[in-house]
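Working notes, beginning with the structure itself.
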Amino acid sequence: MADRSTSKMPGQKQAEESIVPSDFNEGENGGRRKEAGAESEDHSVLNMTNLLWHGGSVWDAWFSCSSNQVAQVLLTLPYSFSQLGMTSGIVLQIFYGLLGSWTAYLISVLYVEYRSRKEKENVNFKNHVIQWFEVLDGLLGPYWKAIGLAFNCTFLLFGSVIQLIACARYDLLMVIYVEYDSNIYYINDHLDKRTWTYIFGACCATTVFIPSFHNYRIWSFLGLGMTTYTAWYMAIAALVHGQVDGVQHTGPNKLVLYFTGATNILYTFGGHAVTVEIMHAMWKPQKFKHIYLLATLYVFTLTLPSSSAVYWAFGDELLNHSNAFSLLPKTRWRDAAVILMLIHQFITFGFACTPLYFVWEKVIGMHDTKSICLRALARLPVVVPIWFLAIIFPFFGPINSAVGALLVSFTVYIIPALAHMLTYRKASARENAAEKPPRFLPSWTAMFVINAFVVVWVLVVGFGFGGWASMTNFVRQVDTFGLFAKCYQCKPAVPPPPKH
3 MADRSTSKMP GQKQAEESIV PSDFNEGENG GRRKEAGAES EDHSVLNMTN
53 LLWHGGSVWD AWFSCSSNQV AQVLLTLPYS FSQLGMTSGI VLQIFYGLLG
103 SWTAYLISVL YVEYRSRKEK ENVNFKNHVI QWFEVLDGLL GPYWKAIGLA
153 FNCTFLLFGS VIQLIACARY DLLMVIYVEY DSNIYYINDH LDKRTWTYIF
203 GACCATTVFI PSFHNYRIWS FLGLGMTTYT AWYMAIAALV HGQVDGVQHT
253 GPNKLVLYFT GATNILYTFG GHAVTVEIMH AMWKPQKFKH IYLLATLYVF
303 TLTLPSSSAV YWAFGDELLN HSNAFSLLPK TRWRDAAVIL MLIHQFITFG
353 FACTPLYFVW EKVIGMHDTK SICLRALARL PVVVPIWFLA IIFPFFGPIN
403 SAVGALLVSF TVYIIPALAH MLTYRKASAR ENAAEKPPRF LPSWTAMFVI
453 NAFVVVWVLV VGFGFGGWAS MTNFVRQVDT FGLFAKCYQC KPAVPPPPKH
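Read in order, the letters of the sequence shown correspond to residues 3 to 502 in this note's numbering.
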């Protein structure tokens, strides 16, 4: 990994493979290649550290993409189905999943193009993490750098805010019990959601100690297990529960709700704002091209059954419950899902915040610092505004849609498609391209047509109609609950059962 902080681990070399075949970086790569970073057999402790801490393989990238793509939004997809209806919900999930995979592919192509051009100029990235705005700068100039930096940082900022809001909403505010050998431990609702935001903000701030995406190996693996469990719990629990009495499935019945739900799905499959950082953490970044598509196909096995089953069971009740946990029956299985998703929020917060840490480090000149502790201290100011915004806007479902329409639409759909079109607009650029069109679409003209469709569709439907619907819904929430709401959409407090 290019991040120097990871080079502090003894015996572990952290330079990724060059895109351009050459002897460049070979000395540092030779001792740790072959996907797992081979070490001396007499260093068993170090090998275990590498196994858990140092991830740069194709599998690591797949786990990172799969784990990061769907997190707290898994719980809001049934809410989106109640706004869209069953058919539109399924169709739009597949459509935006494939659309997101396409633009993630474009981002990976542009990264390889930028990296190969720079390496031909003998630029060494050993002590530098490449980011999306730098790719835009190298390929298209400073104006595109400014646009990419503004949209990417704002999206990741609010993405981090959403994680904190979600933490405070996961039924820890209701009575949660977990039984261990007849011992019952209670986490009750004595604390309101705003206080929980303070607490989880402090917990998530510990992500400042994780140097880079190279060091998320064990967390990505565990995170995917957590979302897999939660998704299948939701599906099975809803089917076992059956349909509520008098269940109705009237969606879609309002245009504003329809486009709000559609934009939330746009947001769901727009989690590839960190694609460049994940690629840069790989030992062979050029292998990333199809990883995001494979991750999306796996995510479909989580989102489609869970959202469909919960909507089938509860129908229009979901219109007033943006978090599916609030309707599912209280069992130990649900409590386990709540706790796992809380832990997963820590991981997702780190994924969203780490690129912001990199940007801040570069601004203050700390990006090359070797000490993890010094870098962690330098990163703390990034967490404070995130914490503050989560307290101001505790609107979990509506803020997902607003972020999707106003930020995700440009950050991971429109800008990558436009950047690809402009980068290869000249015949000479296409002739010398580091990555040619894919086998299934071996035509530059066809790629331009698809990119133009992405730009127009997302601009009109995602940003235009979606932005109107999401902001209308968002303003209603502010008018209803106000800013700094102490306990947004809380149920009346229910005292815990007496202890025996």
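Glycine included, C-beta positions come from ideal geometry on N, C-alpha and C. All of these numbers come straight from a predicted model, not from anything done at the bench.
In this structure, L330 sits away from A392, with a CB-CB distance that is not shorter than 8 Å.
In the three-state DSSP reduction, A326 falls in the helix class (H, G or I).
Linking Q74 to T232 through their CA atoms gives a straight-line distance of about 10 Å. With respect to the C-alpha of V460, the residue from A431, P439, L420, V60 having the closest C-alpha is L420.
Membership of V451 in the alpha helix (DSSP H) is indicated by the continuous run 446 to 459. Counting only runs of 4+ residues, the alpha helix (DSSP H) found wholly inside the segment 269 to 298 occupies 277 to 282, in chain order.
Residue burial is scored here from C-beta neighbours: E123 has fewer than 16 other C-beta atoms within 10 angstroms and is therefore classed as exposed. Taken through DSSP and simplified to helix, strand or coil, P213 comes out as coil. Taking the CA atoms as reference points, I374 sits about 15 Å from H130. I349 is classed as buried because its beta carbon has at least 16 other beta carbons within 10 Å across all chains shown. For the 8 Å CB-CB criterion, Y269 and V458 do not form a contact. L108 is a Cβ neighbour of H422, given a cutoff of 8 Å. Excluding sequence positions up to five before and after Q245, its CB lies within less than 6 Å of the CB of A315, all in the same chain and listed in chain order. A direct Cα-Cα distance of roughly 14 Å separates M281 from T356. In the structure shown, the three-state DSSP call for H251 is coil.
Here S328 is buried: its Cβ has 16 or more other Cβ atoms, across all protein chains shown, within 10 Å. Counting C-beta pairs closer than 8 Å gives three or more between the segment 86 to 99 and the segment 302 to 317, which meets the contact rule. For the pair F271 and T298, the CB atoms are nearer than the 8 Å cut-off.
Contact annotation: V72 and V301 have beta-carbon atoms nearer than 8 Å. When the five nearest sequence neighbours on each side are left out, the beta carbons in the same chain lying within less than 6 Å of the beta carbon of V249 are those of G317, in order along the chain.
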